[in-house]
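Peer 1:
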Amino acid sequence: MAVDLQKLKRKMRGVTSTRQVTRALQMVSAMKMRKAQERSARSRDYRKALHDMMETFRAASLELSPELAAPHSADSILLVIYASDRGLCGPFNNNVINLVQQFVWESEQKVDLIAVGWKVGATLQRRGYRILSNHRRPAVHDRLIFLKNHAQELWDLWNSGRYSSIQLVYSSLRGMTVERPASTVWLPFQKEEEDHHSHRVSTDYIDERNTASVYAATVRRYLDNSLLAALLESEASEHVARMVAMDNATRNAEDLFDALQLTYNKARQAKITQEICEIVAGANAIGKG
0 MAVDLQKLKR
10 KMRGVTSTRQ
20 VTRALQMVSA
30 MKMRKAQERS
40 ARSRDYRKAL
50 HDMMETFRAA
60 SLELSPELAA
70 PHSADSILLV
80 IYASDRGLCG
90 PFNNNVINLV
100 QQFVWESEQK
110 VDLIAVGWKV
120 GATLQRRGYR
130 ILSNHRRPAV
140 HDRLIFLKNH
150 AQELWDLWNS
160 GRYSSIQLVY
170 SSLRGMTVER
180 PASTVWLPFQ
190 KEEEDHHSHR
200 VSTDYIDERN
210 TASVYAATVR
220 RYLDNSLLAA
230 LLESEASEHV
240 ARMVAMDNAT
250 RNAEDLFDAL
260 QLTYNKARQA
270 KITQEICEIV
280 AGANAIGKG
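The sequence shown begins at 0 in numbering that gives the first Met the number 0 and counts up one residue at a time.
What follows is the structure, given as structure tokens:
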């Protein structure tokens with residue numbers, strides 16, 4: 000069967016263009032990933048400072064108000080999902096969707112959803128899940144305004160007493176590996192297990208203010224920052240997932256190009272050989288004539 004050399008050349012040009020696009024996306028994702036990791040690291044430093052403040056209050060045997068620490072007697076759970084607005088990031092979005100579906104199937108309570116990541120929210124809504132709001136991922140310069148409104152939305156829902164707990168769902172990084180998404184309880188506030196190897200927090204201070212209200216304000220600030228941490232971790236994970244996906248796509252494009260190049264060379268060589276044979280046969284026929 001004759002091979003169409005022009006068709007092969009068009010395929011090779013198409014694969015070359017695709018390879019250039021995927022390589023460019025890989026480089027852009029690598030740059031964005033580094034910036035996202037830097038922002039996430041700064042957020043962790045701030046959260047650690049808030050955590051140390053909370054440990055100081057806990058060491059002074061202060062108790063939180065029930066509105067922060069006590070679960071509500073409600074029959075619903077609110078899941079806040081952090082994912083992506085876009086595709087081309089491998090299984091990143093599907094892993095989040097699968098976790099949410101498994102959570103809903105296994106839960107004995109009703110589950111409402113809030114999505115930060117339009118693509119995942121739209122997919123879950125099409126599948127019949129109850130989406131209270133579906134937000135697009137905020138740009139860097141809009142992030143603080145978005146988080147302020149986002150946190151207020153969650154606090155209003157919590158104070159309404161409609162939910163027994165509010166949980167966050169997002170992917171995180173370990174080195175350069177995207178871990179599978181997990182859910183963590185945001186409210187009611189849960190004290191972390193005390194690390195017996197950590198240093199003791201000094202409580203040798205005098206504070207004439209209402210320390211209970213300061214403790215509650217610190218916990219609220221810590222919880223608000225947890226939303227930023229979840230958003231940044233999800234963003235960094237998305238960029239790593241896209242970088243890996245585009246690297247795989249680039250490698251596949253290179254393999255496909257090599258295969259097409261080999262097929263093209265073989266077909267071209269066969270065509271040249273056929274033409275030589277025809278010329279020789281014609282010359283022989285003329286010589287015999």
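Just so it is clear, CB atoms sit at the ideal spot from N, CA and C, and this is done for glycine as well.
On a predicted model such as this, the values are computed, not experimentally measured, just so you know.
In three-state terms, what does DSSP make of serine 16?
Peer 2: By one-based count along the sequence shown, residue 16 stands at place 17. Helix.
Peer 1: Since isoleucine 278 sits in a beta bridge, which residues does DSSP pair it with?
Peer 2: As a position in the sequence shown, residue 278 is number 279, starting the count at 1. None, per the DSSP bridge assignment.
Peer 1: Specify, as a first and last residue, the run of the beta strand (DSSP E) that alanine 181 falls within.
Peer 2: Taking the first residue of the sequence shown as 1, we reach residue 181 at position 182. Start and end: 181-186.
Peer 1: Are there 16 or more other CB atoms within 10 angstroms of the CB of cysteine 276, so buried, or fewer, so exposed?
Peer 2: One-based indexing of the sequence shown puts residue 276 at position 277. Answer is exposed; the Cβ neighbour count stays below 16.
Peer 1: How about alanine 240 and alanine 35: do their beta carbons lie closer than 8 Å?
Peer 2: Numbered from its first residue, the sequence shown carries residue 240 at position 241. Numbered from its first residue, the sequence shown carries residue 35 at position 36. In this structure, alanine 35 does not lie closer than 8 Å to alanine 240 by Cβ.
Peer 1: Would you call the CB atoms of methionine 11 and glutamine 260 closer than 8 Å?
Peer 2: Your numbering for residue 11 matches position 12 in the sequence shown. Your numbering for residue 260 matches position 261 in the sequence shown. Result yes, Cβ atoms of methionine 11 and glutamine 260 sit closer than 8 Å.
Peer 1: Assign valine 2 to one of three DSSP states: helix, strand, or coil.
Peer 2: The count along the sequence shown starts at 1 and reaches residue 2 at position 3. Residue state, collapsed to three classes: coil.
Peer 1: With 16 other CB atoms within 10 Å as the buried threshold, where does serine 83 fall?
Peer 2: The residue given as residue 83 occupies position 84 in the sequence shown. When all chains shown are included, serine 83 counts as buried.
Peer 1: Whole angstroms are fine: how far does the CA of valine 14 sit from the CA of lysine 8?
Peer 2: Walking along the sequence shown from the start, residue 8 turns up at place 9. Walking along the sequence shown from the start, residue 14 turns up at place 15. Whole-angstrom Cα-Cα distance: 10 Å.
Peer 1: Do arginine 173 and asparagine 94 come within 8 Å of each other at the CB atom, strictly closer than that value?
Peer 2: By one-based count along the sequence shown, residue 94 stands at place 95. By one-based count along the sequence shown, residue 173 stands at place 174. It is not a contact, given that the beta carbons lie outside the stated cut-off.
Peer 1: Taking the alpha carbon of arginine 125 as the point to measure from, which residue in Gln100, Ile165 and Ala215 has its own alpha carbon closest?
Peer 2: For this step, residue 125 is matched to residue 126 along the sequence shown. Among Gln100, Ile165 and Ala215, the Cα nearest to that of arginine 125 belongs to Gln100.
Peer 1: Could you spell out where the alpha helix (DSSP H) holding leucine 143 opens and where it closes?
Peer 2: On the sequence shown, position 144 is the one that residue 143 refers to. For leucine 143, the enclosing alpha helix (DSSP H) begins and ends at 142-158.
Peer 1: Confirm, please, whether the CB-CB distance from tyrosine 81 to leucine 167 is below 8 Å.
Peer 2: As a first step, residue 167 is located in the sequence shown; it is residue number 168 there, counting from the start. As a first step, residue 81 is located in the sequence shown; it is residue number 82 there, counting from the start. Taking 8 Å as the Cβ cut-off, leucine 167 and tyrosine 81 qualify as a contacting pair.
Peer 1: I need the boundaries of the beta strand (DSSP E) containing glutamine 166, first residue and last residue.
Peer 2: If you number the sequence shown from 1, residue 166 lands on position 167. Element bounds for glutamine 166: 164-169.
Peer 1: Here's the rule I'm using: 16 or more other beta-carbon atoms within 10 Å means buried, otherwise exposed. How should glycine 337 be labelled?
Peer 2: The displayed coordinates of the chain run from 0 to 288. Any statement about residue 337 would go beyond what the structure contains.
Peer 1: CA-CA distance, leucine 87 and valine 177?
Peer 2: Along the sequence shown, read from residue 1 onward, the residue named residue 87 stands at position 88. Along the sequence shown, read from residue 1 onward, the residue named residue 177 stands at position 178. Straight across, the Cα-Cα distance linking leucine 87 with valine 177 is about 15 Å.
Peer 1: What first and last residue would you give for the beta strand (DSSP E) that runs through valine 115?
Peer 2: Here residue 115 refers to the residue found at position 116 of the sequence shown. It spans 109-115 - the beta strand (DSSP E) in which valine 115 sits, taken as one unbroken run.
Peer 1: Whose C-alpha, out of Asp141, Ser159 and Ile96, is nearest the C-alpha of alanine 121?
Peer 2: Position 122 of the sequence shown holds residue 121. Of the candidates Asp141, Ser159 and Ile96, the one whose C-alpha sits nearest the C-alpha of alanine 121 is Ile96.
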